[in-house]
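In the UniProt record's numbering, the protein residues as written are 1 to 1123. Ideal Cβ positions, reconstructed from N, Cα and C, are used throughout, including at glycine.
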Amino acid sequence: MDSTLANCSVTIDLPSNERSWYVYILASLAIYVSGFICILIGRIFWKVIKKWQFKLPEDEKDSRKPMEEYKAWYLQLKEFAVNLDTGKSVLGKCLVVTSFVLNMAAFISYLFISYEFPIEYCDKHDFAHGIHTQIWLLELCLYSFFAFHFLLRFIIATDKLAFWGLNIYTLVDILTIPIVIIQALQQKAWLGLRFLRVVYIRKLPDILIYLNLIETGKFIEIGTVVVNFMTVVLSSTGMIHLVENTGDFWAPHNYSNSNPLNYFECLYFMIVTFSTVGYGDYSCKTIMGRIFCMIFIICGLGVFASSIPAIFGFISSYTKYDRKFKSTPGKKHVIVTGHITDESVSSFIQDFLHPDRQCESNVTVVFLAPNYPSTLIEGIIQKHPSSVFFFNGTVYNLKDCHRVKMSEADAVIVLCDKKSHNPEAEDAANITRVVSMKKYFSKFHIRCIVQLMRRDNKALLENTTHWRKGEGDTIVCIDELKYGFMAQCCYSPGFSTLLANLFVMRSSEKNKGQKSNTWRDEYVHGVSCEIYSTTLSDYFENMSFPKAAAICFSELGLLLIAVEDRIGSEMVFVVNPSDDVIIRKETRAFLIAQDSKSVKKARRYCGRCHRDIVNQKKKLPVCSCKKSSGEVYTSMRRESAFPSTYIQLMEQKPKPSFSIDNMSRSTIYCSSAVDRFHASLKKLKYEIPKDHNLYDITGTYFWCPERPFDEAIMSLEEAAKEDFMEHVVVAVIADEKSPPLGIRELIQPLRASNQHPKDLKKIIILVADKSFLMKEWASISTFPGVFIVQGSPYRQVDLRVVNVHLADLVIILSPPNIAQEALEGVEKPAMLDKEVIMVTMNLRAMTFEQYRLGDTPNIKRQKHEEALPSLMKNDATNLNRTRHERRSMSTNLEYRIRRKNNEQIRMITELVYDSNTLYMEECEEDDEEFESEGIWMTKSYACGSVFTDSVLDFLASATYFNPDILTLVRNLVTGSVTGSSDLDIILSQGRQPEGTEATEEINQARKRCRVEQLALNDESFKIFGEVKRFGELFMRALSYHGTLCLGLYRLHNQERRSKSLNKRYVINFPPPDFLLKKDDLVYVLLQFEEKGYNLQTLSEEDDKYGGEEKINLEFDSNDQTQL
């Protein structure tokens, strides 16, 4: 033995008779068994001590103190050890990281030894020579630290027996630490089981968590899978390397069948075996190696089969959508979250990044959704690579919010699922999203624009702690606006299309190769008109609104519809105000224009500097008057001394195009002639009625005492006796189990207080199951003239009873969406709209007897005339003209009353899916080329006979660019009081407003403009004489009545005499030289008090001497150019 050691070499295996690897294994086994015995003895001893202490008498309490002191000392030691091993303190984190690093260093040391030295060799520990000795000293230090860490973990362990027998790290320490210690005693080295130190790589995810390098559960999960896989592979490789290089120790082999393989070759062999490929270039030759391979394949193959797919699945899923958003300096970003689908993303981007908004260069859109983008969304992102980004995440996760830099976002837009079968749950989800964001970033003000389905849920969000309505936080209520759009069609058919086209961003460019189509060209021109907001130039300062509107129209080609005014302590936008509203400096305004470039003219316009070049240049130069001493605006400042009834326009040079000086051959007199003119003119002026009309306490709508549900129900027989005319029929398709529809939002605009009592229409709700409306009756019981007829919208007999052919409008409401589970495996778009489609087709299939107004019995007409004012129990004889009276005086009445066939039933159908508009279209040859252009270019939408929730998608982006846009839309479609939220506050408390008689506050609240649709032969327009072009009509309506003309409602085919409303289409804001047709209907914004104005040029001398002057407004009839 001594001779052998004297001649030993670290590069040669020991002879078979001198090998002692079993000593290391026995030592580890002895430590393991003795540890078990010691722990068991300790447990028994501890129980005996406890039992002995419990039996001690009271007078021997002092004998317990040493044990108590030992227990307290042990607990302190254990608490200190816990803080170290779990990384709760800085010292503990250092210990955990150090332990991991040293274990990896020990494994690397093993790899080096496995390549340089045999499995078992002699080692004389020559400190002067040999790198093997230095390596041994390094390992001695490493394993001494491991022994200390093992002792520390033993102290921490609550169950010492389980720690010793079942903990994998304990087994690794017991099998590896004795190897290094025994090597110093034997002067022999055995590579042994040192490769097991790689098991500590399983602590890598915990280390990364301690260092806050990974935080999401997804990374922790995949990290655990990866390290477990590596542990199995690397430790199994070490085992194969050990047994193959050692050989079988029993006879007849006696280590002679060893297979010299290095660690890398063994690793290659294990991976090939793992993957079940088995090339055969390497294999196990020893019996021990083969036995281990069999066990390994049985146990390890499952690990491989589960780990590899998980790893590659994570790699494939961790794309650019899981990274952090990198903002561009100087560029704002908007986060869009909530209901993110192909449809919502497409419609949002189309409107938000429209060229007219000019925001693509300075605003980035960031979508945050809990799923990955579809192919369609990826295509949208590729079209806007620098402006649209998509990230996988949710606002409920703070880490995801930080990834998209929510604290730096200019706004967060939360979209809702407008097709949800449970609106309450959808609203609750969006509310919790906002609360989550506000809570996470309470130190920052994050502007939120939220879509909600139900109006009642607005209060839940507004009452939250961090909601700041005055700082940009906005709620877009879908039901409120949707039903408001549909309700306005009762007075102005097609108005829903007109208004939606004004707010949505659409291009008017004609596709190449597309056939010319007269109605489509005119309609597309209107679709391309949008509403913009801007600040008016100083030239408009101190002007009245009508005068500013006249200048914007004649000089700039813009339609001014609203300006900012102070109501109380708030600055709000008022729509078409009277001449009492004076434009101040830096006044913001809403204008209708073709593009944003035209609107910029209103910011720079000067009547003296730009009058001759305004039509030649797209961009006006800076006004040179600003360099003068201010004498330019002397005449404008002089305007405040004139009566507010007049509009003084600056002198203009005659121009060949349309202008105020070149408008018509008619003559309007000035000064004292004006008084004679207005004295002879029967003005359409609303006086505040001093009678017993009742209004809600906020003055928003007409009110009546609450009626019991049974009194509002009307049987089919009772409905037949009523013989309804010019009423509104609401077809409801629902049963008792259906969720509420929110019909209040439909009825309230029809009872707006800015209407005349005679203009109120009876509202007939046709529903098969009356119990459905019992849930909503409390919210509509204070509206006058609302009746419930129990009948089926599917039955033509029931439809005839309520006289649908004599109704001003039939509103077909989409039923509450059925559960999505019931639609699996079926055609969803058709299924969700099948009820309203069948009702619509049923109505179109109905025919009625032809009769004229003269054929109607007088008693029937008299009964109908008496029915309307009886709604409010007031004859209102003190009013000069109402909508109903103007309609009766017009020849248009015969057209309205004669119901020849099915085409003349006015109806508007609510659809869930845009694609179902196909069922509303008539088969015509020219419709095929427009099928791919969506709902916007269908004839059903162009005439306003269909409405979908997708029309309201524009409001989310429009509200971001202008927070006041939502207020403007609400005022136009819901009839709400400008600048007041009192009604919303009352409704949010679950109460209904109380009624009151007319007071000064109520009268002021009623003075709101309203939307009308008038025929050219209407009494209001007859006083103009003959008008041929839209510009002439606009200026005269503004001069005579202070009325703004918004657009036209035109027949498709002039040769067809069927006069069907379904054959019409909307034209938004035609150009001034647009030719009118005698059967056109005009959309107008009427003031509550219609005043007569005079467009004139008034000098100081004329005012001083009271002279008369004639201004000839001529119109070139030879100019036949049209759009």
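No residue range can be given for H253, since it is assigned to no alpha helix (DSSP H) and is classified by DSSP as neither H nor E. The beta-carbon separation of I780 and V728, rounded to 13 angstroms, does not stay under the 8 angstroms limit for a contact. The shortest CA-to-CA distance from L234 to any of N257, V476, E265 and R454 is the one to E265.
For the stretch 375-453, the full-length alpha helix (DSSP H) segments reaching 4 residues or more read 375-383, 398-403 and 423-440 along the chain.
Between Y24 and the set I179, T319, L481 and Y32, the nearest pair of CA atoms involves I179. The DSSP assignment places 1019-1022 and 1030-1041 as complete runs of the alpha helix (DSSP H) inside the stretch 1012-1081, in order along the chain (cut-off: 4 residues).
Counting every other CB atom within 10 Å of its CB across the protein chains shown gives D710 a total below 16, marking it as exposed. DSSP places Y532 in the uninterrupted beta strand (DSSP E) bounded by E530 to T535. A958 and I965 have their C-alpha atoms spaced approximately 7 angstroms apart.
For C477, the enclosing beta strand (DSSP E) covers residues T474 to C477. Burial state of Y22 is exposed, judged by a 10 Å Cβ sphere holding fewer than 16 other Cβ atoms. Counting along the chain, the unbroken beta strand (DSSP E) around F947 starts and ends at V946 to T948. Bounds of the alpha helix (DSSP H) holding I135 are I131 to I156. Restricted to the stretch 209-290, the alpha helix (DSSP H) segments that are unbroken, complete and at least 4 residues in length are 217-246 and 263-274, listed in chain order. If you draw a straight line from the Cα of L191 to the Cα of T375, it is about 56 angstroms long. By the criterion of a C-beta distance shorter than 7 angstroms, V172 is surrounded in its chain by L196, R197 and V199, once the five residues flanking it on both sides are discounted. DSSP, reduced to helix, strand and coil, places C552 within a helical segment of the structure shown. For T847, the secondary structure class from DSSP, reduced to helix, strand or coil, is coil. Minimum Cα-Cα distance from S1020 among the listed residues F1034, V363 and D342 corresponds to F1034. Counting along the chain, the unbroken beta strand (DSSP E) around V732 starts and ends at V728 to V732. Secondary-structure assignment with DSSP links A593 through a beta bridge to E530. The secondary-structure analysis by DSSP pairs L766 across a beta bridge with A731 and V789. A487 counts as buried, since at least 16 other C-beta atoms from the protein chains shown sit within 10 angstroms of its C-beta. Apart from sequence neighbours up to five positions away, the residues of its chain that approach S99 with a beta-carbon distance below 6 angstroms are H149, ordered along the chain. Distance between I311 and H132, taken at the CA atoms: about 39 angstroms. Pairing S275 with F304, the inter-Cα distance amounts to about 8 angstroms.
Comparing alpha-carbon positions, the option among G995, K331 and P205 lying closest to T698 turns out to be G995. Per the C-alpha coordinates, the member of P740, M230 and I168 positioned closest to D456 is P740. Cα atoms of S715 and D769: separation of roughly 12 angstroms, rounded to the nearest angstrom. Less than 9 angstroms divides the Cβ of M846 from the Cβ of L799.
The residue among E120, F553 and V434 with its C-alpha nearest the C-alpha of V414 is V434.
Counting every other CB atom within 10 Å of its CB across the protein chains shown gives V450 a total of 16 or more, marking it as buried. Close CB contacts of A409 within its chain, under the 7 angstroms cut and outside five residues either way in sequence, are with H333, V334, I335 and I446 (chain order). For E471, the secondary structure class from DSSP, reduced to helix, strand or coil, is helix.
T464 is positioned such that its CB atom lies no closer than 9 angstroms to that of K443. A straight line joining the alpha-carbon of G526 with that of F503 spans about 11 angstroms.
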